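Visitor: One structure follows; several queries about it will come next.
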Amino acid sequence: MARMKFICDAERCIECNSCATACKNEHEVPWGVNRRRVVTLNDGVPGERSISVACMHCTDAPCMAVCPVDCFYRTEDDIVLHDKDLCIGCGYCYYACPFGAPQFPQAGAFGLRGKMDKCTYCAGGPEENFSVEEFRKYGRNRIAEGKLPACAEMCSTKALIAGDSAVIAKIYKTRVVTRGKGEELWGWKTAYGGSDKVSDNLGAKA
Amino acid sequence: MKTLIWVAAAGLALAACHEIPQDAAKPYAGKEDVKPYAGDRFKGDKQKFEQALADRANYENEYLRTGDAKQ
């Protein structure tokens with residue numbers, strides 16, 4: 200059984216916000232609700248780092264623990280979803296979440312909150328797959344189409360990756376052990392033609 | 008009698024001090040969700056569904072996708 204997770208590589212994120220834009224566009228998320236956003240530390244200072252943040256679909260989700268109406272559930276693939284028909288918009292999940300994932304649309308005057316909205320990992324919600332109701336309440340169901348979340352697939356530098364935790368951990372590990380080297384870097388062979396044409400000849404010329 | 012009152016008062020005061028287990032699994036109270044692989048795309052084939060997602064995830068790995076670097 201897969202454990203679907205996100206991982207964001209702060210070394211690669213360039214704060215382009217394409218993840219947040221892709222999410223907004225894919226699910227037609229209303230104004231004022233940000234299922235995903237890019238957070239930058241030391242903005243403008245050399246060495247600044249950005250990271251794309253949304254619901255992390257926690258294995259031990261605090262939102263699930265505090266919900267007074269028990270509207271959260273976990274899919275077979277470990278995606279944390281909720282039933283908007285049950286949500287009362289109390290905001291407990293917002294206070295419990297360490298990532299600030301739960302969002303509340305303004306539902307009226309005097310700061311009245313609507314039902315909670317959050318990243319669904321593009322897996323829709325407890326409505327019939329691909330139904331109008333599902334799209335209206337939760338957005339598009341890409342998972343049922345065999346696709347990964349739009350934010351990760353849209354990421355220009357592939358800083359944000361999504362998928363089974365074992366697969367994405369392996370991708371990240373490959374990057375980390377390769378990073379900072381020469382010919383092992385991605386794109387080297389494409390640009391310079393591989394080691395037999397570059398480094399092997401360096402010694403011959405010297 | 009006085010001792011008895013003190014014991015009763017202490018018992019009453021400490022009554023709220025016990026730890027309630029907070030990690031007990033709570034049942035989901037909402038509607039049941041349809042399995043993502045139940046539709047026309049996968050026709051209930053979970054293995055095919057998981058393989059599709061794994062292929063998609065591996066496509067995010069440019070090292071594998073282009074075969075451009077040593078693994």
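Heads up: the protein sequence lines correspond to chains A and B, in order.
In this note's numbering, each number is its position in the first sequence, counted from 1, plus 199.
In this note's numbering, each number is its position in the second sequence, counted from 1, plus 7.
Note that beta-carbon positions come from the ideal geometry of N, C-alpha and C, so glycine has one too.
None of the values given here were measured: they were computed from a predicted structure.
Counting only C-beta atoms, is residue 318/A closer than 8 Å to chain B at any point?
Guide: For residue 318/A, the answer is no, since every Cβ of chain B falls outside 8 Å of its Cβ.
Visitor: According to DSSP, what are the bridge partners of residue 40/B?
Guide: Paired residue(s): none; residue 40/B is not in a bridge.
Visitor: Near residue 370/A, which residues of its chain fall below 7 Å by C-beta distance, leaving aside the five closest residues on each side in sequence?
Guide: Excluding residues within five positions, the ones whose Cβ falls inside 7 Å are 360.
Visitor: Assuming residue 316/A contacts residue 302/A under a Cβ cut-off of 8 Å, what Cβ separation, rounded to an integer in Å, is found between them?
Guide: Right, their Cβ atoms sit about 5 Å apart.
Visitor: State the start and end residues of the unbroken beta strand (DSSP E) segment that holds residue 359/A.
Guide: Looking at the DSSP string, the run of the beta strand (DSSP E) that includes residue 359/A is 359-363.
Visitor: Do residue 2/B and residue 351/A have their CB atoms nearer than 8 Å?
Guide: Residue 2/B lies beyond the residue range present for chain B, which begins at 8 and ends at 78; the question has no answer from this structure.
Visitor: Can you grab the Cα-Cα spacing for the pair residue 403/A / residue 386/A, in whole Å?
Guide: With a pLDDT of 48 at residue 403/A, under the threshold of 50, the modelled position of this residue cannot be trusted; read the value that follows with caution. Each residue's Cα considered, the two are about 24 Å apart.
Visitor: Would residue 26/B pass as an interface residue toward chain A - the criterion being a Cβ-Cβ separation below 8 Å?
Guide: No, residue 26/B does not count as interfacial toward chain A.
Visitor: Alpha carbon to alpha carbon, what distance is there between residue 354/A and residue 48/B?
Guide: For residue 48/B and residue 354/A, the distance between alpha carbons rounds to 25 Å.
Visitor: Over what stretch of residues does the alpha helix (DSSP H) that includes residue 202/A continue unbroken?
Guide: That residue, residue 202/A, is in no alpha helix (DSSP H); it is neither H nor E in DSSP.
Visitor: Taking the alpha carbon of residue 39/B as the point to measure from, which residue in 342/A, 392/A, 323/A and 298/A has its own alpha carbon closest?
Guide: It is 323/A whose Cα lies nearest to the Cα of residue 39/B.
Visitor: List, in chain order, every chain A residue whose beta-carbon is nearer than 9 Å to that of residue 60/B.
Guide: In chain order: 201, 203, 276, 342, 345, 346, 347, 362, 363 and 366.
Visitor: Going by the DSSP bridge assignment, what does residue 207/A pair with across the sheet?
Guide: Residue 207/A is bridged to 359/A.
Visitor: By the criterion of Cβ-Cβ separation under 8 Å, what are the contact partners of residue 351/A in chain B?
Guide: Correct list: 67.
Visitor: Can you tell me whether DSSP reads residue 308/A as helix, strand or coil?
Guide: Residue 308/A falls in the coil class under three-state DSSP.
Visitor: Chain A beta carbons: is any one of them nearer than 8 Å to that of residue 38/B?
Guide: It does; some Cβ of chain A falls within 8 Å.
Visitor: Using 8 Å as the limit for Cβ to Cβ distance, is residue 298/A near chain B?
Guide: So no, residue 298/A is outside the interface.
Visitor: Classify residue 405/A: buried if its beta carbon has 16 or more other beta carbons within 10 angstroms, exposed otherwise.
Guide: Residue placement at residue 405/A cannot be trusted, given a pLDDT of 41 that sits under 50; what the coordinates show is reported in the next sentence. By the 10 Å Cβ count, residue 405/A comes out exposed.
Visitor: So, at 7 Å on beta carbons, what are the nonlocal neighbours of residue 384/A in its own chain, with the 5 sequence-adjacent residues on each side left out?
Guide: 377.
Visitor: How would you call residue 283/A, buried or exposed, if buried means at least 16 neighbouring beta carbons within 10 angstroms?
Guide: Flag for residue 283/A reads buried.
Visitor: When burial is assigned at 16 or more other CB atoms within 10 Å of the CB, is residue 300/A buried or exposed?
Guide: Per the 10 Å Cβ criterion, buried.
Visitor: Go ahead and pull the three-state DSSP assignment for residue 226/A.
Guide: DSSP places residue 226/A in helix when its eight states are reduced to three.
Visitor: Taking 8 Å as the threshold (beta carbon to beta carbon), is residue 33/B in contact with chain A?
Guide: Output row for residue 33/B: interface = yes.
Visitor: So what does DSSP say about residue 66/B, is it helix, strand or coil?
Guide: Three-state result, residue 66/B: coil.
Visitor: Looking at the unbroken beta strand (DSSP E) that takes in residue 240/A, where does it start and where does it end?
Guide: Its beta strand (DSSP E) spans residues 236-240.
Visitor: I'd like to know if the segment 277-293 of chain A and the segment 307-315 of chain A are in contact, where contact means that at least 3 CB-CB pairs between them fall below 8 Å.
Guide: The segment 277-293 of chain A vs the segment 307-315 of chain A: in contact.
Visitor: Where do the N-terminal and C-terminal ends of the alpha helix (DSSP H) with residue 335/A fall, by residue?
Guide: Start and end: 331-337.
Visitor: When burial is assigned at 16 or more other CB atoms within 10 Å of the CB, is residue 252/A buried or exposed?
Guide: So residue 252/A ends up on the buried side.
Visitor: What are the start and end residues of the beta strand (DSSP E) that includes residue 252/A?
Guide: Counting along the chain, the beta strand (DSSP E) containing residue 252/A begins and ends at 248-252.
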